[in-house]
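Visitor: This is the structure, below, for whatever I ask next.
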Amino acid sequence: MKKIYLPFLLCFFLIGCSSAKMEKPESPEELAHIMKLALSNGDYSKFNSYLTEPKKGLISMDQFKELSKITTAGTEYRTYSYIKMENGKVLLLEIIKDIPSEDYKVQRVIEVPEEIKNIFDNNL
152 MKKIYLPFLL CFFLIGCSSA KMEKPESPEE LAHIMKLALS NGDYSKFNSY LTEPKKGLIS
212 MDQFKELSKI TTAGTEYRTY SYIKMENGKV LLLEIIKDIP SEDYKVQRVI EVPEEIKNIF
272 DNNL
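Letter by letter, the sequence shown follows residues 152 to 275 of the working numbering.
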């Protein structure tokens with residue numbers, strides 16, 4: 152009897168694991184990891200699926216291939232929050248998850264120099 156159930160269980164397991172469901176990242180770090188994996192695996196479709204609707208398809212396959220060339224096995228992920236003041240000044244906050252408290256905290260505050268502010272205002 153066990154031998155009869157085993158093929159069915161194996162079949163259900165394989166179908167469940169091969170399903171092309173979109174992962175739902177629970178943090179910015181997890182989203183960055185998923186995007187990096189899509190680049191590393193050459194998965195343009197997956198990469199595109201995590202872009203906002205207006206940005207989907209704006210990165211061409213050629214651009215994607217160029218981005219894929221710069222990926223490496225060793226990767227460091229950091230999360231930043233962008234704050235633009237009414238006076239035009241821009242701050243970047245480096246946000247980390249504090250291990251002891253499990254809370255997100257600001258580790259560094261960086262005033263963005265005038266000469267590179269425009270990289271944040273331009274589209275893809």
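Ideal Cβ placement from N, Cα and C applies to all residues, glycine included.
Because the structure is a prediction, the values reported are computed rather than measured.
#1: Please go through the same chain and pick out, in chain order, the residues whose beta-carbon is closer than 7 Å to the beta-carbon of residue 249, but skip the five residues on each side of it.
#2: Report yes or no: do three or more beta-carbon pairs, one from the stretch 210 to 224 and one from the stretch 240 to 247, lie closer than 8 Å?
#3: Note down the Cα distance separating residue 210 from residue 197, rounded to an integer number of angstroms.
#4: Please report how far the alpha carbon of residue 231 lies from the alpha carbon of residue 200, in whole angstroms.
#5: What does the Cβ neighbour count give for residue 267, buried or exposed, with the cut at 16 atoms within 10 Å?
#6: Below 8 Å on the Cβ atoms is my guess for residue 233 versus residue 241; work out the distance and round it to an integer in Å.
#7: Could you tell me how far apart the beta carbons of residue 222 and residue 190 are, in whole angstroms, since I believe they sit closer than 8 Å?
Guide: From the atom records:
#1: Contacts found: 256.
#2: Contact between the stretch 210 to 224 and the stretch 240 to 247 is absent, because fewer than three Cβ pairs lie under 8 Å.
#3: Each residue's alpha carbon lies about 13 Å from the other.
#4: If I take the Cα positions, the gap works out to 22 Å.
#5: Exposed.
#6: Right, their Cβ atoms sit about 7 Å apart.
#7: Between residue 222 and residue 190 the beta-carbon gap is near 5 Å, inside 8 Å, which marks them as a contact.
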